[in-house]
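K.L.:
With my numbering applied, the sequence shown covers 43 to 170. All C-beta atoms, glycine included, are put in the ideal place defined by N, C-alpha and C. Submitted below is the structure of interest, expressed as C-alpha cells.
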Amino acid sequence: MLKGIYSTIVGGLSKYLVAILTGLLLAAGLATGVIYKQLDSARTEALQAAVVAQQYQDLANERKAALEASEALYEATITSLNTRAAAAEAQAKKFKEQNDALSKALAANRDWADAPIPDSVRNALKRP
Numbered sequence: 043m044l045k046g047i048y049s050t051i052v053g054g055l056s057k058y059l060v061a062i063l064t065g066l067l068l069a070a071g072l073a074t075g076v077i078y079k080q081l082d083s084a085r086t087e088a089l090q091a092a093v094v095a096q097q098y099q100d101l102a103n104e105r106k107a108a109l110e111a112s113e114a115l116y117e118a119t120i121t122s123l124n125t126r127a128a129a130a131e132a133q134a135k136k137f138k139e140q141n142d143a144l145s146k147a148l149a150a151n152r153d154w155a156d157a158p159i160p161d162s163v164r165n166a167l168k169r170p
C-alpha cells in the first residue's frame, strides 16, 4: 500500500516536475530571445553612433584643413604686404632724395627756377 501511495506521489510530482522544467526552459528561451533582441538593438545603436562619430571627425578634419589653409593664406598675405611696404619705402626714399636734389638745385639757381622747364628735363623727371 505504501508502495502505491509512493508511486502515486512520485508520479504526480514527476508531472509537476516536468511542467516546472518545461516552464523554466520556456522562460529561459524567452529571456534569451529578449536579451538577444536588446543586444542586437544595442549593437545597431553602437554602429549608428560610430557612423555619426566618424562624420563629426571628418567634419572636424575638414575644418582643420580649412583653418590651416586660411592661416597659410594669411601668412602669404602678410609676407606680400611686407614686401610691398619695403618696396614702397625704398621708392619713397628714392623720391625724397630726388626731391631734395631738385630743391637744392632750384634754391641755387633762382633765375632758372622762374623759367619754363624744358621738355627733355620734364621727361627725365617723370616718375617710373
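Tell me which residue opens and which closes the alpha helix (DSSP H) that ASN165 is part of.
P.N.:
Taking the sequence shown and counting its residues from 1, one reaches residue 165 at position 123. Its alpha helix (DSSP H) spans residues 161-167.
K.L.:
For GLN140 and ALA128, what's the separation of their Cα atoms in angstroms?
P.N.:
The residue labelled residue 140 in the question sits at position 98 within the sequence shown. The residue labelled residue 128 in the question sits at position 86 within the sequence shown. Their Cα atoms are separated by approximately 18 Å.
K.L.:
Does DSSP put ALA130 in a helix, in a strand, or in coil?
P.N.:
Position 88 of the sequence shown holds residue 130. In this structure, ALA130 counts as helix in the three-state DSSP scheme.
K.L.:
Straight-line CA distance for LEU68 to TYR58?
P.N.:
Residue numbering aside, residue 68 sits at position 26 when the sequence shown is read from its first letter. Residue numbering aside, residue 58 sits at position 16 when the sequence shown is read from its first letter. Taking the straight line joining both Cα atoms gives about 15 Å.
K.L.:
If you reduce the DSSP assignment to three classes, tell me which class ALA157 lands in.
P.N.:
To locate residue 157, count along the sequence shown from 1; it is residue 115. Residue state, collapsed to three classes: coil.
K.L.:
Spatial neighbours of GLY71 within its chain, please: CB distance less than 7 Å, with the 5 preceding and 5 following residues excluded, ordered by chain position.
P.N.:
Numbered from its first residue, the sequence shown carries residue 71 at position 29. Taken in chain order, the list of residues that qualify is empty.
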